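Chains A and B, in that order, give the protein sequences.
Numbering of the first sequence is given in this note's numbering, commencing with residue 1 and proceeding in unit increments.
Numbering of the second sequence is given in this note's numbering, commencing with residue 1001 and proceeding in unit increments.
Quick reminder that beta carbons are idealized off the backbone N, C-alpha and C, glycines included.
All values reported here derive from a predicted model rather than from experimental measurement.
One structure below.
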Amino acid sequence: GAGVSQTPSNKVTEKGKYVELRCDPISGHTALYWYRQSLGQGPEFLIYFQGTGAADDSGLPNDRFFAVRPEGSVSTLKIQRTERGDSAVYLCASSFRDRGLGIKNNEQFFGPGTRLTVL
Amino acid sequence: AQSVAQPEDQVNVAEGNPLTVKCTYSVSGNPYLFWYVQYPNRGLQFLLKYITGDNLVKGSYGFEAEFNKSQTSFHLKKPSALVSDSALYFCAVSRGSGGYNKLIFGAGTRLAVHP
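Here it is in structure tokens:
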């Protein structure tokens, strides 16, 4: 399909384990964002990639969280030593860049999310 | 710091009646404002945005929103609600600077449209 895809759709893990969440953005979108949505709340920003580089990782809660986008397309969010408080839906979004306007006013297209449950 | 407030956890409307979902924001500089809708087990879908220009913005599925700078509001509206409009609605703001739009979301408002 033409939309943002995320895998897996659901992930159940045990406290202390390592998990990887994958995001495949819309083809041609240079900007990629990760958000986290806890139950009953709006999405919270985690990290933003422009191309291969993380331009803003100010939303990552601590050093257990890390994300990569090595070829400027697919991104992986990695969580080490998972804790029960990490349980949430992790959303990925992508957007494109206007040549003249940049991307700051362009809407983001969201994937369906990965529901992470840490037992 | 930027923030978004959606003062109503839930809005109940009868089908065919007009609906309003409220949003107020706090941001330094010119705001870029967005509305998204979330259906169960589906991702956020973009409805509309305000960047500049006309204060009344029209979007998908017959929704519109009015930007009010003096009241720092961006309420979502629709003249005639449908049962299929029932979903979770999120207002979001970005600072409009820095070359990208890190979105700050409100907590969401659940819209229930009754037949």
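Within-9 Å CB hit, residue i to chain B
{"i": "residue 4 of chain A", "result": "yes"}
{"i": "residue 24 of chain A", "result": "no"}
{"i": "residue 91 of chain A", "result": "yes"}
{"i": "residue 40 of chain A", "result": "yes"}
Residue j beta carbon less than 9 Å from that of residue i
{"i": "residue 42 of chain A", "j": "residue 1011 of chain B", "result": "no"}
{"i": "residue 121 of chain A", "j": "residue 24 of chain A", "result": "Given that chain A is displayed from residue 1 to residue 119, the structure contains no residue 121 of chain A and the question cannot be resolved."}
{"i": "residue 1050 of chain B", "j": "residue 1063 of chain B", "result": "no"}
{"i": "residue 110 of chain A", "j": "residue 1043 of chain B", "result": "yes"}
CB-CB length for residue i against residue j, believed under 8 Å
{"i": "residue 1082 of chain B", "j": "residue 1113 of chain B", "result": "6 Å"}
{"i": "residue 47 of chain A", "j": "residue 34 of chain A", "result": "5 Å"}
{"i": "residue 1039 of chain B", "j": "residue 1093 of chain B", "result": "Actually they are not in contact, since the Cβ atoms of residue 1039 of chain B and residue 1093 of chain B sit about 22 Å apart, beyond 8 Å."}
Below-9 Å beta-carbon distance, residue i vs any chain A residue
{"i": "residue 1010 of chain B", "result": "no"}
{"i": "residue 1004 of chain B", "result": "yes"}
{"i": "residue 1067 of chain B", "result": "no"}
{"i": "residue 1014 of chain B", "result": "no"}
{"i": "residue 1001 of chain B", "result": "no"}
{"i": "residue 1036 of chain B", "result": "yes"}
Proximity test, residue i beta-carbon vs the ligand GTP heavy atom, cut-off 8 Å
{"i": "residue 14 of chain A", "result": "The ligand GTP is absent from the structure shown, which contains no ligands of any kind."}
Interface residues of chain E facing residue i [CB-CB closer than 8 Å]
{"i": "residue 113 of chain A", "result": "Absent from the structure: chain E. Protein chains present are A and B."}
Contact set between residue i and chain A, taken where Cβ atoms lie within less than 9 Å
{"i": "residue 1056 of chain B", "result": "Residues of chain A passing the Cβ test: none, with the nearest at roughly 18 Å."}
{"i": "residue 1102 of chain B", "result": "33, 45, 48, 56, 58 and 59"}
Proximal chain A residues relative to residue i, where beta-carbon distance stays under 8 Å
{"i": "residue 1111 of chain B", "result": "What residue 1111 of chain B touches in chain A: nothing, since even the nearest Cβ is about 15 Å away."}
Chain B contact residues for residue i, given Cβ-Cβ distances below 7 Å
{"i": "residue 110 of chain A", "result": "1043 and 1044"}
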